[in-house]
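Worksheet for the structure shown next.
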(Lines of atoms letter the chains of each structure in order from A and count residues from 1; the text may use other names and numbers.)
(Lines give C-alpha, C1' and ligand atoms only; values in the text may rest on other atoms or scores of the structure.)
Protein backbone atom coordinates (compact mmCIF):
# COMPACT_ATOMS: atom_id res chain seq x y z
CA UNK A 1 0.00 0.00 0.00
CA UNK A 2 1.55 3.30 -1.15
CA UNK A 3 0.41 6.71 0.12
CA UNK A 4 2.92 8.85 -1.76
CA UNK A 5 4.92 8.44 -4.90
CA UNK A 6 7.24 10.22 -7.28
CA UNK A 7 6.93 9.42 -10.97
CA UNK A 8 10.34 9.71 -12.68
CA UNK A 9 11.21 11.65 -15.80
CA UNK A 10 9.88 9.66 -18.71
CA UNK A 11 12.27 10.58 -21.48
CA UNK A 12 15.41 12.55 -21.98
CA UNK A 13 14.08 15.56 -23.87
CA UNK A 14 13.76 17.54 -20.60
CA UNK A 15 17.09 17.03 -18.79
CA UNK A 16 16.90 20.60 -17.49
CA UNK A 17 13.73 19.92 -15.55
CA UNK A 18 14.38 19.86 -11.83
CA UNK A 19 11.08 20.87 -10.30
CA UNK A 20 8.25 18.39 -10.90
CA UNK A 21 5.62 19.44 -13.41
CA UNK A 22 3.04 18.57 -10.77
CA UNK A 23 3.59 18.34 -7.01
CA UNK A 24 0.62 17.28 -4.87
CA UNK A 25 1.25 17.08 -1.13
CA UNK A 26 -1.02 15.74 1.62
CA UNK A 27 -4.11 16.57 -0.42
CA UNK A 28 -7.54 15.91 1.07
CA UNK A 29 -11.00 16.89 -0.14
CA UNK A 30 -13.95 16.32 2.20
CA UNK A 31 -17.63 16.58 1.24
CA UNK A 32 -20.09 16.51 4.15
CA UNK A 33 -17.73 14.50 6.37
CA UNK A 34 -16.89 12.07 3.54
CA UNK A 35 -13.36 11.95 2.13
CA UNK A 36 -13.42 12.25 -1.66
CA UNK A 37 -9.60 12.35 -1.50
CA UNK A 38 -7.64 11.28 1.54
CA UNK A 39 -4.09 12.53 2.14
CA UNK A 40 -2.72 12.10 -1.38
CA UNK A 41 0.89 12.98 -2.17
CA UNK A 42 2.14 12.63 -5.73
CA UNK A 43 4.88 14.09 -7.90
CA UNK A 44 4.88 13.92 -11.70
CA UNK A 45 8.00 14.98 -13.57
CA UNK A 46 7.87 17.00 -16.79
CA UNK A 47 7.27 15.20 -20.06
CA UNK A 48 5.36 12.23 -18.63
CA UNK A 49 2.14 10.61 -19.86
CA UNK A 50 0.16 9.32 -16.89
CA UNK A 51 -3.01 7.20 -16.81
CA UNK A 52 -5.16 7.89 -13.74
CA UNK A 53 -7.30 4.85 -12.95
CA UNK A 54 -9.63 3.61 -10.24
CA UNK A 55 -13.26 2.54 -9.76
CA UNK A 56 -16.28 4.83 -9.99
CA UNK A 57 -16.24 7.26 -7.10
CA UNK A 58 -12.49 6.83 -6.59
CA UNK A 59 -11.85 10.57 -6.80
CA UNK A 60 -10.26 10.77 -10.24
CA UNK A 61 -12.41 13.69 -11.38
CA UNK A 62 -12.12 15.35 -7.99
CA UNK A 63 -8.33 15.18 -8.17
CA UNK A 64 -8.22 16.76 -11.63
CA UNK A 65 -10.68 19.49 -10.67
CA UNK A 66 -8.72 20.26 -7.53
CA UNK A 67 -5.46 20.49 -9.47
CA UNK A 68 -6.98 22.96 -11.94
CA UNK A 69 -8.54 25.00 -9.14
CA UNK A 70 -12.24 24.20 -9.63
CA UNK A 71 -12.43 22.56 -6.20
CA UNK A 72 -10.85 23.98 -3.07
CA UNK A 73 -8.89 21.35 -1.12
CA UNK A 74 -9.74 20.75 2.51
CA UNK A 75 -6.04 20.25 3.23
CA UNK A 76 -2.76 20.01 1.36
CA UNK A 77 -0.99 21.90 -1.41
CA UNK A 78 -0.63 21.74 -5.18
CA UNK A 79 2.20 23.23 -7.23
CA UNK A 80 2.78 23.30 -10.98
CA UNK A 81 6.46 23.70 -11.93
CA UNK A 82 7.09 25.13 -8.49
CA UNK A 83 4.21 27.62 -8.60
CA UNK A 84 0.98 27.46 -6.61
CA UNK A 85 -1.97 26.04 -8.51
CA UNK A 86 -3.57 29.49 -8.63
CA UNK A 87 -1.40 29.88 -11.74
CA UNK A 88 -4.24 28.40 -13.77
CA UNK A 89 -2.77 29.19 -17.19
CA UNK A 90 -0.10 26.54 -16.57
CA UNK A 91 -2.76 23.80 -16.42
CA UNK A 92 -5.26 22.99 -19.17
CA UNK A 93 -8.33 20.91 -18.34
CA UNK A 94 -10.63 18.94 -20.63
CA UNK A 95 -13.78 17.96 -18.67
CA UNK A 96 -16.02 14.97 -19.17
CA UNK A 97 -18.38 15.54 -22.09
CA UNK A 98 -21.37 15.00 -19.81
CA UNK A 99 -20.34 18.09 -17.82
CA UNK A 100 -20.55 20.45 -20.82
CA UNK A 101 -23.66 22.32 -22.02
CA UNK A 102 -23.41 21.54 -25.72
CA UNK A 103 -26.50 23.68 -26.47
CA UNK A 104 -24.70 26.88 -25.49
CA UNK A 105 -24.52 29.05 -28.65
CA UNK A 106 -20.79 29.29 -29.27
CA UNK A 107 -18.64 28.48 -32.28
CA UNK A 108 -15.66 26.17 -32.44
CA UNK A 109 -13.29 29.12 -32.89
CA UNK A 110 -14.80 30.90 -29.88
CA UNK A 111 -14.27 27.84 -27.68
CA UNK A 112 -10.63 27.60 -28.72
CA UNK A 113 -10.14 31.34 -28.14
CA UNK A 114 -11.25 30.76 -24.52
CA UNK A 115 -7.89 29.08 -24.05
CA UNK A 116 -6.24 32.47 -24.59
CA UNK A 117 -8.10 34.31 -21.81
CA UNK A 118 -5.16 33.96 -19.43
CA UNK A 119 -2.93 35.73 -21.97
CA UNK A 120 -5.48 38.27 -23.25
CA UNK A 121 -7.05 39.26 -19.95
CA UNK A 122 -10.73 39.81 -19.19
CA UNK A 123 -12.73 42.30 -21.28
CA UNK A 124 -9.91 42.72 -23.80
CA UNK A 125 -9.93 41.95 -27.50
CA UNK A 126 -7.75 39.16 -28.92
CA UNK A 127 -4.46 40.29 -30.41
CA UNK A 128 -2.92 39.13 -33.66
CA UNK A 129 -0.78 36.55 -31.84
CA UNK A 130 -3.87 35.20 -30.07
CA UNK A 131 -5.72 34.69 -33.34
CA UNK A 132 -2.62 33.07 -34.84
CA UNK A 133 -2.31 30.66 -31.90
CA UNK A 134 -5.99 29.72 -32.18
CA UNK A 135 -5.60 29.06 -35.90
CA UNK A 136 -2.51 26.91 -35.32
CA UNK A 137 -4.33 24.95 -32.61
CA UNK A 138 -7.31 24.29 -34.88
CA UNK A 139 -4.96 23.07 -37.60
CA UNK A 140 -3.18 20.72 -35.21
CA UNK A 141 -6.44 18.96 -34.29
CA UNK A 142 -7.73 19.10 -37.89
CA UNK A 143 -10.78 21.25 -37.12
CA UNK A 144 -10.08 24.32 -39.29
CA UNK A 145 -12.92 23.60 -41.73
CA UNK A 146 -15.44 23.49 -38.88
CA UNK A 147 -14.18 26.60 -37.08
CA UNK A 148 -17.43 28.52 -37.63
CA UNK A 149 -19.71 25.60 -36.73
CA UNK A 150 -21.68 25.65 -33.47
CA UNK A 151 -20.02 23.38 -30.91
CA UNK A 152 -23.29 21.50 -30.31
CA UNK A 153 -23.50 20.49 -33.98
CA UNK A 154 -20.35 18.39 -33.82
CA UNK A 155 -19.86 14.69 -33.14
CA UNK A 156 -18.48 13.56 -29.79
CA UNK A 157 -15.02 13.00 -31.21
CA UNK A 158 -15.00 16.41 -32.89
CA UNK A 159 -16.09 18.09 -29.65
CA UNK A 160 -13.20 16.50 -27.79
CA UNK A 161 -10.80 17.68 -30.49
CA UNK A 162 -12.09 21.23 -30.02
CA UNK A 163 -11.37 21.08 -26.30
CA UNK A 164 -7.90 19.77 -27.04
CA UNK A 165 -7.42 22.73 -29.39
CA UNK A 166 -8.46 25.03 -26.55
CA UNK A 167 -5.79 23.41 -24.38
CA UNK A 168 -3.22 23.89 -27.15
CA UNK A 169 -4.18 27.56 -27.48
CA UNK A 170 -3.64 27.97 -23.76
CA UNK A 171 -0.02 26.76 -24.16
CA UNK A 172 -0.19 25.05 -20.77
CA UNK A 173 2.59 22.96 -19.26
CA UNK A 174 0.22 20.32 -17.87
CA UNK A 175 -2.82 18.84 -19.63
CA UNK A 176 -5.56 17.11 -17.62
CA UNK A 177 -8.18 15.03 -19.44
CA UNK A 178 -11.19 13.56 -17.64
CA UNK A 179 -12.50 10.42 -19.36
CA UNK A 180 -11.85 11.82 -22.86
CA UNK A 181 -12.63 8.54 -24.66
CA UNK A 182 -16.01 7.81 -23.05
CA UNK A 183 -18.78 7.41 -25.62
CA UNK A 184 -16.45 7.58 -28.62
CA UNK A 185 -16.14 4.92 -31.31
CA UNK A 186 -12.82 3.17 -31.90
CA UNK A 187 -11.84 5.42 -34.80
CA UNK A 188 -12.53 8.59 -32.81
CA UNK A 189 -10.58 7.18 -29.85
CA UNK A 190 -7.59 6.45 -32.08
CA UNK A 191 -7.71 9.94 -33.61
CA UNK A 192 -7.87 11.49 -30.15
CA UNK A 193 -4.93 9.41 -28.94
CA UNK A 194 -2.86 10.56 -31.91
CA UNK A 195 -3.60 14.21 -31.10
CA UNK A 196 -2.78 13.70 -27.42
CA UNK A 197 0.51 12.06 -28.36
CA UNK A 198 1.28 15.02 -30.62
CA UNK A 199 0.71 17.39 -27.70
CA UNK A 200 2.89 15.23 -25.47
CA UNK A 201 5.67 15.32 -28.07
CA UNK A 202 5.93 19.09 -27.55
CA UNK A 203 6.92 18.52 -23.91
CA UNK A 204 3.53 18.87 -22.23
CA UNK A 205 2.89 16.64 -19.21
CA UNK A 206 -0.35 14.69 -19.75
CA UNK A 207 -2.67 13.12 -17.15
CA UNK A 208 -5.63 11.12 -18.44
CA UNK A 209 -8.37 9.83 -16.14
CA UNK A 210 -9.75 6.65 -17.66
CA UNK A 211 -11.80 3.57 -16.79
CA UNK A 212 -9.98 1.57 -19.46
CA UNK A 213 -7.36 -0.48 -17.61
CA UNK A 214 -6.33 -2.15 -20.85
CA UNK A 215 -5.44 1.18 -22.39
CA UNK A 216 -3.77 2.40 -19.18
CA UNK A 217 -1.51 -0.67 -19.23
CA UNK A 218 -0.35 0.08 -22.80
CA UNK A 219 3.15 1.50 -22.54
CA UNK A 220 2.83 2.92 -26.07
CA UNK A 221 0.36 5.45 -24.66
CA UNK A 222 1.41 5.91 -21.02
CA UNK A 223 4.74 5.62 -19.26
CA UNK A 224 3.15 5.67 -15.82
CA UNK A 225 -0.05 4.69 -14.03
CA UNK A 226 -1.62 6.16 -10.89
CA UNK A 227 -4.15 3.96 -9.09
CA UNK A 228 -6.66 5.70 -6.80
CA UNK A 229 -9.52 4.77 -4.57
CA UNK A 230 -9.95 8.01 -2.61
CA UNK A 231 -6.38 7.52 -1.44
CA UNK A 232 -3.30 6.74 -3.48
CA UNK A 233 -2.87 2.99 -3.75
CA UNK A 234 0.10 2.88 -6.13
CA UNK A 235 1.97 4.94 -8.72
CA UNK A 236 4.68 3.97 -11.16
CA UNK A 237 5.03 1.70 -14.18
CA UNK A 238 2.08 -0.42 -15.29
CA UNK A 239 3.92 -3.57 -14.17
CA UNK A 240 4.47 -2.15 -10.69
CA UNK A 241 0.98 -0.68 -10.26
CA UNK A 242 -1.44 -3.06 -11.99
CA UNK A 243 -0.70 -6.05 -9.80
CA UNK A 244 -3.40 -8.41 -8.54
CA UNK A 245 -2.92 -7.13 -4.98
CA UNK A 246 -3.20 -3.45 -5.92
CA UNK A 247 -6.19 -4.06 -8.19
CA UNK A 248 -7.98 -6.04 -5.48
CA UNK A 249 -7.32 -3.21 -3.03
CA UNK A 250 -8.74 -0.63 -5.45
CA UNK A 251 -11.64 -2.52 -6.99
CA UNK A 252 -12.51 -5.01 -4.27
CA UNK A 253 -12.27 -7.87 -6.74
CA UNK A 254 -9.57 -10.11 -8.18
CA UNK A 255 -8.11 -8.94 -11.47
CA UNK A 256 -5.05 -10.53 -13.02
CA UNK A 257 -2.72 -8.94 -15.57
CA UNK A 258 -1.34 -11.55 -17.96
CA UNK A 259 1.35 -10.92 -20.57
CA UNK A 260 0.72 -12.32 -24.06
CA UNK A 261 2.57 -11.92 -27.40
CA UNK A 262 -0.03 -9.27 -28.31
CA UNK A 263 0.40 -7.36 -25.06
CA UNK A 264 -0.91 -7.54 -21.52
CA UNK A 265 -4.54 -8.41 -20.83
CA UNK A 266 -6.58 -8.13 -17.64
CA UNK A 267 -8.73 -11.06 -16.56
CA UNK A 268 -11.43 -11.04 -13.90
CA UNK A 269 -11.35 -13.91 -11.41
CA UNK A 270 -14.95 -14.69 -10.46
CA UNK A 271 -14.02 -17.29 -7.86
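Residue numbers (our numbering): 8 to 278.
Think of the CB as a built atom: it goes at the ideal place given N, C-alpha and C, for glycine as much as any other residue.
Asked                                                                                                                  : Found
Residue 122 vs residue 163 beta-carbon contact at 9 Å                                                                  : no
6 Å Cβ shell around residue 259 - same chain, five flanking residues per side excluded                                 : none
Spatial neighbours of residue 59 in its chain, beta-carbon cut-off 6 Å, leaving aside the 5 residues before and after  : 67, 214, 216, 233
The region 95-111 / the region 130-146 touching (three or more Cβ pairs under 8 Å)                                     : no
Selection from 133, 87, 28 that minimises the alpha carbon distance to residue 55                                      : 28
Nearest residue (CA-CA) to residue 101, options 118, 89, 86, 111                                                       : 118
Three-state secondary structure (DSSP) of residue 52                                                                   : coil
N-terminal and C-terminal residue of the alpha helix (DSSP H) that residue 202 is part of                              : 193-207
Residue range of the beta strand (DSSP E) that includes residue 176                                                    : Unbroken run through residue 176 is the alpha helix (DSSP H), 163-177; no beta strand (DSSP E).
Contact check, residue 188 vs residue 219, beta carbons under 9 Å                                                      : yes
Close-in-space but distant-in-sequence residues of the same chain around residue 26 (CB under 6 Å, 5 per side omitted) : 88, 89
Between the CA atoms of residue 62 and residue 244 - distance to the nearest angstrom                                  : 19 Å
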